[in-house]
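Below is one structure, written out as structure tokens; the observations come after it.
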Amino acid sequence: MSRQEIRRIIGFILALLLFGASLTPPVNRFLCLPSTARLVVGEQMTVSLPLPDAIKNRLRFSVGDTLQSTQPAVVVESEGEGYHLKAMKPGQVEITLKLWGLIPLKSIRVESLPPYRLLPGGHSIGIMLQSQGIMVVGFAPITGSKGQKYYPARDAGVEIGDLIIEVNGQPVKTELELAEAIDRQGQKRLKSSLLINRDEQQMNIDVKTGYCQETQRYRVGLYVRDGVAGVGTLTAWDPVTYRFAALGHVIVDTDTRQVIKMREGRIVSASIRAIQPGRPGKPGEKIGLFDREGNISGRIISNSHFGVFGVTDGKLENNLYSSPLPVAYAHQVKKGKAQILTVINERRIECFDIIIEKVYPYRRNGKGMVLRVIDERLLSAAGGIVQGMSGSPIIQDGRIVGAITHVFLNNPEKGYGILMDTLLEEMNDYQVFSRQIAQ
204 MSRQEIRRII
214 GFILALLLFG
224 ASLTPPVNRF
234 LCLPSTARLV
244 VGEQMTVSLP
254 LPDAIKNRLR
264 FSVGDTLQST
274 QPAVVVESEG
284 EGYHLKAMKP
294 GQVEITLKLW
304 GLIPLKSIRV
314 ESLPPYRLLP
324 GGHSIGIMLQ
334 SQGIMVVGFA
344 PITGSKGQKY
354 YPARDAGVEI
364 GDLIIEVNGQ
374 PVKTELELAE
384 AIDRQGQKRL
394 KSSLLINRDE
404 QQMNIDVKTG
414 YCQETQRYRV
424 GLYVRDGVAG
434 VGTLTAWDPV
444 TYRFAALGHV
454 IVDTDTRQVI
464 KMREGRIVSA
474 SIRAIQPGRP
484 GKPGEKIGLF
494 DREGNISGRI
504 ISNSHFGVFG
514 VTDGKLENNL
524 YSSPLPVAYA
534 HQVKKGKAQI
544 LTVINERRIE
554 CFDIIIEKVY
564 PYRRNGKGMV
574 LRVIDERLLS
584 AAGGIVQGMS
594 GSPIIQDGRI
604 VGAITHVFLN
614 NPEKGYGILM
624 DTLLEEMNDY
634 QVFSRQIAQ
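Number 587 in the working numbering belongs to position 384 of the sequence shown; there are no gaps in the numbering.
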């Protein structure tokens, strides 16, 4: 038998031994150790390694702190058949399991997260956004002296979704300012020079003004909108910084479906007067009014893909919770029973039972959870999740775990929720909230 054949046989035998070893419970459990883990400061994770003492006594955990600090963010303690990984302070560490303290066998990157406590929301709020420019949402014909209809702005190249910034070098912020500026140009028999923002690029378009017999003024044939207003739900509030998160999703223009590029925005109290129940194929909605007697007011700083964020003018109170609750990170959210906080009558926050059916911890699209309403009162009053509930906080095991974002079109009893990890990142975004200081 040649030396090459002997090597092949030995290699085959070793491969069989390794394969057989991988099927044993201790080795299989070792191979299945995670490569990454997340812990909140004070939380610990147990790594169980039921190996023979002859092997276990030769294993060592090595902790390397990526922040290069004297005290590691995570410490490792040996106990019984396993080890405890305990988060001591915020940071990241690389924990490596080594044989004889020299040969690396497995590495786990552990992220230690800071604890947060926020006052849960559930408050019904009115949301008002003024856009950066006046958005073109449609074309409106001008009726001439002989009844003919024409569209000067469309024919000149203006498109739906364009943002009008200036007219003849003068900034315009409202629909009324735009209409008056165009009418003045028309009375002088002059064209209106519109400064347009389209796809982040600015351009000037000269539009001939026309006298409309129906409105008795000069126009360019556009439907425009300078902002939006509606009712939503506040998710959480920070009693230290007064920052808030609400809605759970971005606000878009109802006609163009384009994201509202915000110039300024406000939140105020809202009162729910009625609910149009949802049914398959037709989502329901809360019917509410802005409430001047309420005690909620604040400035919106950001209209992001994950909701609206800002700062309140004063303190907030929740009739169900007198103190803040801890915030759960994605790894702490589980399938099972939970509750949502929302308003279905006037301004009173109520608690309703739901089931978290699925959790997607790595999704960052506002659909990190699938929810199902099981509360008979809410099903009877609203049919499940309705428009206006977006932003309603989700509570599980005494922690805020996320907020409602979407309803299933064909099943209003079910919907999506966003995880609090994403909302915390937005609430703690220095660049976003530094605008508040500059203004």
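We put the beta carbon where it would ideally sit given N, CA and C, even for glycine. Model, not experiment: these values are computed from the prediction.
Handout entry: Whole-angstrom distance between L366 and I408, CA atom to CA atom
Key = 12 Å
Practice task
Output the boundary residues of the alpha helix (DSSP H) element that contains A384.
Solution key: E378 to Q390
Handout entry: CA-to-CA distance, S238 to P564, given in whole angstroms
Key = Spanning the two alpha carbons is a distance of roughly 16 Å.
Practice task
Would you check if the stretch 528 to 540 and the stretch 609 to 626 touch, i.e. whether three or more CB-CB distances between them fall below 8 Å?
Solution key: yes
Practice task
In the DSSP assignment, find the unbroken beta strand (DSSP E) run with A439 in it and report its ends.
Solution key: L425 to W440
Practice task
Report buried or exposed for Y353, applying the criterion of at least 16 other Cβ atoms within 10 angstroms of its Cβ.
Solution key: exposed
Handout entry: Closer than 7 Å: E378 CB and nearest the ligand ZN heavy atom
Key = In terms of ligand content, the structure shown is empty, and the ligand ZN therefore cannot be addressed.
Practice task
Identify whether D632 lies in helix, strand or coil by the three-state DSSP scheme.
Solution key: coil
Exercise for the section: Might you give, ordered along the chain, the residues of its own chain that have their beta carbon closer than 8 Å to the beta carbon of G539, omitting 5 neighbours on each side? Expected result: The answer, listed in chain order, is I558, I559 and Q599.
Problem - For L308, three-class secondary structure by DSSP - result: Reduced to three states, the DSSP call for L308 is strand.
Practice task
Drop a sphere of 10 angstroms on the beta-carbon of Q390, count the other beta-carbons inside from all chains shown, and report buried for 16 or more, exposed for fewer.
Solution key: Q390 is exposed by the Cβ-count criterion.
Handout entry: alpha helix (DSSP H) segments (min. 4 residues) lying fully within the stretch 307 to 376
Key = Given a length threshold of 4 residues, each whole run of the alpha helix (DSSP H) inside the stretch 307 to 376 is given here in chain order: 355 to 359.
Practice task
State yes or no: is the C-beta of I337 within less than 8 Å of the C-beta of V410?
Solution key: no
Practice task
If I'm right that T436 touches S593 with Cβ under 8 Å, what's the distance once you round it to whole angstroms?
Solution key: 6 Å
Practice task
Could you have a look at R241 and say whether DSSP puts it in helix, strand or coil?
Solution key: strand
Handout entry: According to DSSP, residues forming a beta bridge with L544
Key = C554
Exercise for the section: Report all residues from its chain with a CB closer than 8 Å to the CB of I597; omit the five preceding and five following residues, and keep chain order. Expected result: A541, Q542, I543, I557, I559, M572, L574, I603, V604, G605, A606, I607 and G620
Exercise for the section: Would you kindly check if the distance between the Cβ of A432 and the Cβ of M331 is under 8 Å? Expected result: yes
Practice task
Confirm, please, whether the CB-CB distance from I499 to S474 is below 8 Å.
Solution key: No, the pair does not count as a contact, with Cβ atoms beyond the cut-off.
Exercise for the section: Rank G267, Q535, V443 and P323 by C-alpha distance to the C-alpha of T545 and give the top, closest one. Expected result: Out of G267, Q535, V443 and P323, P323 has the C-alpha closest to the C-alpha of T545.
Problem - Nonlocal neighbours in the same chain, by C-beta distance under 6 Å from V277, ignoring five residues either side - result: L288, A290, V296, V313 and S315
Problem - Stretch pair the stretch 377 to 393 + the stretch 341 to 355: three plus CB contacts closer than 8 Å - result: Result no; under three Cβ-Cβ pairs closer than 8 Å.
Exercise for the section: With distances taken Cα to Cα, identify the nearest neighbour of D516 among R551, Q535, H534 and I470. Expected result: I470
Problem - Proximity below 8 Å, CB of I507 to CB of V434 - result: The question names Ile, but residue 507 is Ser in the sequence shown. Their beta carbons are not under 8 Å apart, which means S507 does not touch V434 by this criterion.
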